[in-house]
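Asker: Encoded as structure tokens, here's the structure I'll be asking about.
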Amino acid sequence: MLERLLIISAILFCIGLYGVLSRRHMIAVLMSVELMFNAVNVALVAFSRYTVPAVNRLSGSHVGMERFVLEGQTLAVFVIVVAAAEVALGLALIIALARRRDTVHISDLNTLRR
Amino acid sequence: MLPEAAAWLIIGLPLLAGVFSIAVLRPWRRSLWRYAGHVGIAGTGAAFVLSLIAVNGAMGNGDAGYEPHAWFAVGALGAQDGFEMTVGIFLDPLSAIMAAVVSGVSMVVQVFSLGYMRKESDDANGEWSDYPRYFTYMSLFTASMLGLVLAYNLIQLFVFWELVGLFSYLLIGFWYHRPAAAAAAKKAFIVTRIGDFGFMLGILYLFLNRGEFTALGLNPFEIPAILDAAPMLSAGVATWVALGLFAGAAGKSAQFPLHTWLPDAMEGPTPVSSLIHAATMVAAGVFLVARLFGLFEESAAAMNTVAIIGGFTAVFAAAMGLAANDIKRVLAFSTVSQLGYMFLALGVGAPGVAMFHLFNHAFFKCLLFLGAGSVHHSVHTFDMRYMGGIRRWMPITYLTTLVGGLSLAGIFPLAGFWSKDEILTTAWSGSHAANSGVSQLVFWLALAAAFMTAFYVFRLIIMAFHDDFRGGIDSVPHEERIPDEAHHHVHRHESPLVMKLPLLVLAVFAVGSGFVANSLVDLGPVPAHWFSHLLHEDAPKFNIAIALTSTLVAVAGIGLAVLVYGTRTVSFDGLGRLWRFVHRLLVQRFYMDALYEDLIVRRALYRGLFLVSDWFDRRIVDGVADLAGWLGRNSGRAIAQLQTGHIQVYGVGVSMGAAVILIFYLMQR
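Chains A and B, in that order, are what the protein sequence lines are.
The C-terminal position of the first sequence is numbered 108 in this note's numbering, with every residue numbered one higher than the one before it.
The C-terminal position of the second sequence is numbered 680 in this note's numbering, with every residue numbered one higher than the one before it.
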């Protein structure tokens, strides 16, 4: 099961990466970045579900009652939060660039070369 | 016996005096510049006193036997290839007497310079500005020569040898603003360097064959060790090392074919010429051969080379002296010729006799040069054609120069007679020589040189001091004057006391040094043959026939000079074309300078070798350098194309790189 989830995660990541590298519109790039984040989130949750040893998963005084240790899931929530902040910041930058440089196309922004 | 620290002071005190003048007086004490000479004289004089003590000690004990000090070691000591470099003082009778001559003559010359350099020291930088520089060079020159003389180690000797070359360069080029002086300094440096190359090859050959020394438990660079090992060395080593060292000696002592620098070295101040010719610099070559005589003795080829080069140079240089008009040039050729005499004596196996001649020559040649300087002080030219009659207002200079001239000509009983006689006797008997035929040959060469010597020195005296005055600097055509002489005029006066005093002191030595130092009989405090016995050598037996012959030859030379230049009863002009050809040959110095400068330097080097090396430098050396620059620039340009500024292109690169690493990692598993 882990393998299937990881394959889905990898496919999502590659689609996102393709978007980041190929889209000219900055908002599309930002969306692709979101896709990559979520691919990672899938992987995190999958690892957490399937690879954390049972000893760690079982705890408390009631033997037989399953308690999940939600490390990967917690990290995924963090990623969502950070991604939301990043999107807010990214959109603000895009708007500022659009006002200042009158473009939202990433290929027009090559001042790093200088 | 002198303690070792005092022996080091013989080198150290002149060094200190020189450093003090240039590092303290010159930058900080402008008002004391005029006393730079006194500082130098004090340093050299102290060294002279110490040297005299050393001579006194050497009379009783011989070698002072100071242990050398370790300098550095290479490889494992005692192993086949390991060796140790040492420094130290080798104070034996030879180096003690040489140190005394060097420091004594240098001191006298510096006293003379106090007066002579006085008029030369006013220039754009203000009064006395040349004083500290001049006396610094003089002191350091003396210190280098003393270091050379006292060196324990061949490498140590070579270092001081090169320092002597450096300071001679600085002193000959003292008036560096005169093109002729700058060129002469360069010539002296380069020509002696050619000889020094041979010296270095000799040392290298010695080093390559150090196995012969380590087998005996000796250090191949230590002079006493070389002398000890010399009889055990294989013949090839002794010959090649000796010939290499002789090449250095011939360069320094201006022997044929490396003699051309010495006449040009006259461009320096006259006291400098005096010092170079009398005790330092040119004496170094003779000293080197005498110092390592034990090595030369082991090789008949080396001995014969030394004898023949010396004998040939004695005649060759004396011949050039016959026709020179510059008073200092005549004396310069005379020095070359007399040095030839000394090498001749070394070559026929008599180092003590050679040193004796060096000892006497130091005094009378120094005297003659200082006399020339004194004359210049009055008439401001060195050209004898414009002198004449100077004895009327320079009686002291005239008399002392006459004494020096008679001594140089070898007239009984002046100093020059005794040493020349010993050389001739040794050469004639040939008992110590490697080859009696060579010994006989150089005897006749020496006799011919003696005739010419007497002739040219009296030609000099008659042309300069007798006859009528021909106007001095005032009659020299303006185009012939060197710029510094242009504003001078003749002053008919005798030189000041500081210049007369050295002349008188040296005149006493020029009369007495031969007779007293190596007399035939006991002279009160001085035992018979003191000098020879000091150097552990038996003086050659006095041979009345040879003494008479040499005196007759010298008198004949003087007589001919008087007849030609004094009474004018004999003239060479009647000899016609042959005479004119010979005269031209002599004036042009056998075209040796032309050969070196035009043929070898201008044609062979400038148009041949230097063109090739120029091409190599421009094409190959510069080409490689340019290629490196071109590669950097153009490869950078190509790689710079990758930097587009498009973030997505970079992203592709990063992703591909990450993918490659990932694939590589996975394939590793």
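Even for Gly, the Cβ is constructed at its ideal location relative to N, Cα and C.
Just so it is clear, the structure is predicted and the values come from calculations on it, not from any experiment.
1. Buried or exposed: P513(B), going by 16 or more other Cβ atoms within 10 Å of its Cβ?
2. Nearest-angstrom Cα distance between G23(B) and A154(B)?
3. Where does T68(A) sit, in a helix, a strand or coil, going by DSSP?
4. Which of the residues in the segment 651 to 680 of chain B, read from start to end, lie with their CB under 9 Å from any CB of chain A?
5. Run down chain B in chain order and give the residues with a C-beta less than 9 Å from the C-beta of T105(A).
6. Under a CB-based cut-off of 8 Å, is I100(A) close to chain B?
7. Can you pull the chain B residues whose beta carbon is under 7 Å from the beta carbon of V14(A), in chain order?
8. State the DSSP-derived secondary structure class of F477(B), mapped to helix, strand or coil.
9. At a CB distance below 9 Å, what residues from the segment -4 to 25 of chain A approach chain B? Give them in sequence order.
10. According to DSSP, is M(-5)(A) part of a helix, a strand, or is it coil?
11. How about the segment 229 to 241 of chain B and the segment 185 to 194 of chain B: do they share at least three Cβ pairs that are nearer than 8 Å?
12. Tell me which residues share the same chain as L0(A) and place their Cβ nearer than 7 Å to its Cβ, disregarding the 5 neighbours each side in the sequence.
13. Give the DSSP bridge partners of I100(B), in chain order.
14. Counting beta carbon pairs with one atom in the segment 25 to 36 of chain B and one in the segment 60 to 67 of chain B, are three or more of them shorter than 8 Å?
15. Which residue marks the beginning of the beta strand (DSSP E) containing H80(B), and which one marks its end?
16. Do T436(B) and S348(B) have their C-beta atoms within less than 8 Å of each other?
17. Roughly how many angstroms separate the alpha carbons of G664(B) and V27(A), rounded to a whole number?
18. How many angstroms separate the CA atom of E433(B) from the CA atom of M353(B)?
19. For W590(B), report the span of its alpha helix (DSSP H) as first-last.
20. Work out the CA separation of G656(B) and R18(A) for me, nearest whole Å.
21. Could you compute how far the alpha carbon of I631(B) sits from the alpha carbon of L642(B)?
22. Is the beta carbon of M474(B) closer than 8 Å to that of M405(B)?
23. Could you check if T68(A) is buried or exposed, using at least 16 other CB atoms within 10 Å of its CB as the buried criterion?
24. Going by other Cβ atoms of all chains shown within 10 Å of its Cβ, with 16 needed for buried, is M(-5)(A) buried or exposed?
25. Can you tell me the Cβ-Cβ gap for L378(B) and A518(B), rounded? I've got them flagged as a contact below 8 Å.
26. Out of curiosity, what's the CA-to-CA distance linking T97(B) and E78(B)?
27. Looking only at C-alpha atoms, which of K431(B), I658(B) and L471(B) sits nearest to T560(B)?
28. Should the segment 414 to 428 of chain B be called in touch with the segment 522 to 531 of chain B, which here means at least 3 C-beta pairs below 8 Å?
29. Could you tell me the boundaries of the alpha helix (DSSP H) in which V527(B) lies?
30. Using the Cβ count rule (16 or more neighbours within 10 Å means buried), how would you classify G415(B)?
31. Let me make sure I understand the geometry here. Which of G279(B), V453(B) and H80(B) has the alpha-carbon closest to that of K339(B)?
32. Can you check whether the CB of I52(B) is closer than 8 Å to the CB of V122(B)?
Answerer: This is what the structure holds:
1. Position 502 of the second sequence, counting from 1, holds the residue named residue 513(B). P513(B) should be labelled buried.
2. For the purposes of this step, residue 23(B) is taken as residue 12 along the second sequence, with counting starting at 1. For the purposes of this step, residue 154(B) is taken as residue 143 along the second sequence, with counting starting at 1. Those two C-alpha atoms are separated by around 7 Å.
3. As a first step, residue 68(A) must be located in the first sequence, where it is residue number 74. Residue state, collapsed to three classes: helix.
4. For chain A, the residues of the segment 651 to 680 of chain B that bring a beta carbon within less than 9 Å of one of its beta carbons are Q654, T655, G656, H657, I658, Q659, V660, Y661, G662, V663 and S666, in chain order.
5. Mapped onto the first sequence, residue 105(A) falls at position 111. The answer, in chain order, is G656.
6. The sequence position of residue 100(A) within the first sequence is 106, counting from 1. Chain B, which has a Cβ nearer than 8 Å to the Cβ of I100(A), makes this yes.
7. Taking the first sequence and counting its residues from 1, one reaches residue 14(A) at position 20. Per Cβ cutoff of 7 Å: G662.
8. On the second sequence, position 466 is the one that residue 477(B) refers to. At residue 477(B) the sequence reads His, which differs from the Phe that was named. In the structure shown, H477(B) sits in coil (DSSP, three-state: anything other than H, G, I, E or B).
9. L11, V14, L15, S16, R17, R18 and V23
10. The residue labelled residue -5(A) in the question sits at position 1 within the first sequence. M(-5)(A): coil per DSSP, three-state reduction.
11. no
12. Taking the first residue of the first sequence as 1, we reach residue 0(A) at position 6. Around L0(A): A37 and A40.
13. As a first step, residue 100(B) is located in the second sequence; it is residue number 89 there, counting from the start. According to DSSP, which records beta bridges pairwise, I100(B) is partnered with A162(B).
14. no
15. Counting from one through the second sequence, the residue named residue 80(B) turns up at place 69. Looking at the DSSP string, the run of the beta strand (DSSP E) that includes H80(B) is H80 to V85.
16. As a working mapping, residue 436(B) is identified with position 425 in the second sequence. As a working mapping, residue 348(B) is identified with position 337 in the second sequence. No, the pair does not count as a contact, with Cβ atoms beyond the cut-off.
17. Counting from 1 along the second sequence, the entry for residue 664(B) is found at position 653. Counting from 1 along the first sequence, the entry for residue 27(A) is found at position 33. G664(B) and V27(A): Cα-Cα distance of roughly 17 Å.
18. Sequence index remark: in the second sequence, residue 433(B) carries index 422 (1-based). Sequence index remark: in the second sequence, residue 353(B) carries index 342 (1-based). Computed Cα separation, rounded: 11 Å.
19. Within the second sequence, numbered from 1, the residue matching residue 590(B) stands at position 579. Where W590(B) is concerned, the enclosing alpha helix (DSSP H) stretches over R588 to V598.
20. Here residue 18(A) refers to the residue found at position 24 of the first sequence. Here residue 656(B) refers to the residue found at position 645 of the second sequence. Cα-Cα distance, rounded: 14 Å.
21. On the second sequence, residue 631(B) is found 620 positions in, with the first residue counted as 1. On the second sequence, residue 642(B) is found 631 positions in, with the first residue counted as 1. Distance between the alpha carbons of I631(B) and L642(B): 16 Å.
22. Sequence index remark: in the second sequence, residue 405(B) carries index 394 (1-based). Sequence index remark: in the second sequence, residue 474(B) carries index 463 (1-based). In this structure, M474(B) does not lie closer than 8 Å to M405(B) by Cβ.
23. Counting from 1 along the first sequence, the entry for residue 68(A) is found at position 74. With fewer than 16 Cβ atoms within 10 Å of its Cβ, T68(A) is classed as exposed.
24. Taking the first sequence and counting its residues from 1, one reaches residue -5(A) at position 1. By the neighbour-count rule (16 or more Cβ atoms within 10 Å), M(-5)(A) is not buried but exposed.
25. As a working note, residue 378(B) is residue 367 in the second sequence. As a working note, residue 518(B) is residue 507 in the second sequence. Between A518(B) and L378(B) the Cβ distance is about 6 Å, and since that is below 8 Å, they are a contact.
26. Taking the second sequence and counting its residues from 1, the one referred to as residue 97(B) is at position 86. Taking the second sequence and counting its residues from 1, the one referred to as residue 78(B) is at position 67. When rounded, the distance between both Cα atoms is 10 Å.
27. Numbered from its first residue, the second sequence carries residue 560(B) at position 549. Looking at the Cα atoms, K431(B) is the closest of the given residues.
28. Yes, the segment 414 to 428 of chain B touches the segment 522 to 531 of chain B.
29. Within the second sequence, numbered from 1, the residue matching residue 527(B) stands at position 516. Element bounds for V527(B): L508 to A528.
30. Taking the first residue of the second sequence as 1, we reach residue 415(B) at position 404. Classification of G415(B): buried, given that the 10 Å Cβ count is 16 or more.
31. Indexing the second sequence from 1 puts residue 339(B) at position 328. Looking only at G279(B), V453(B) and H80(B), the smallest Cα-Cα distance to K339(B) is reached by G279(B).
32. In the second sequence, counting from the first residue as 1, residue 122(B) sits at position 111. In the second sequence, counting from the first residue as 1, residue 52(B) sits at position 41. Against a cut-off of 8 Å, the Cβ pair of I52(B) and V122(B) comes out as a contact.
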